[in-house]
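One structure is given below, encoded as structure tokens.
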Amino acid sequence: MEPITLILGALAAGALAGVSEDATAAVKDAYAGLKRLVAARFGGKPSAEVALAEHAADPDTWQAPLAKALAETGTDADPAVIEAARHLMELLDETGARAGKYNVDLRGAQGVQVGDRNLQHNVFNTPPPVP
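Just so you know, we're using our numbering here: the sequence shown kicks off at 3 and counts up by one.
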């Protein structure tokens, strides 16, 4: 799974689980820890901080601005953030975690698409010769 997709998914799932009375203390703690790590990377960037705060209430609307903030700040490449997101998803989806759904490895990848029920069309052409 691509890191940014993992982080966005974990933040959205954690926000949803965090308001549930059925959520365990471990899930709530893992979600709070992930948000803390992301917020620390966003320090001093008001638009990124707003995107993170608003994403919890409306993930669909705020997914694109939060994804942009994660990429611009390098948060999507922070090993601690990726590990925190993976850990949260393991707590929320044990079956998917056991199947390797939340493992991130894109070495040598081209035309990558991450997620469930997606459709992608790729055309890989030989680049034109360099003059």
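All C-beta atoms in this analysis are idealised placements derived from N, C-alpha and C, irrespective of residue type, glycine included.
Check, Outcome
"Assigned secondary structure, Thr-77 (DSSP; H/G/I helix, E/B strand, else coil)", "helix"
"Segment contact, 8 Å Cβ cut-off, at least three pairs: the stretch 3 to 18 with the stretch 82 to 91", "yes"
"Beta-carbon proximity check, Val-40 vs Thr-7, cutoff 7 Å", "no"
"Minimum C-alpha distance to Asp-215 - residue among Glu-4, Ala-19 and Pro-61", "Since the first and last residues shown for the chain are 3 and 133, residue 215 lies out of range."
"Rounded distance between the beta-carbons of Ala-53 and Ala-34, thought under 8 Å", "That belief does not hold up - the Cβ atoms of Ala-34 and Ala-53 are roughly 18 Å apart, past 8 Å."
"Option nearest Thr-75 by Cα separation, candidates Ala-17, Arg-43 and Thr-26", "Arg-43"
"Inter-residue CB distance, Val-132 and Leu-93 (contact presumed, cutoff 8 Å)", "At roughly 50 Å, the Cβ-Cβ gap does not stay under 8 Å, so Val-132 and Leu-93 are not in contact."
"Inter-residue spacing [alpha-carbon to alpha-carbon] between Ala-73 and Ser-49", "13 Å"
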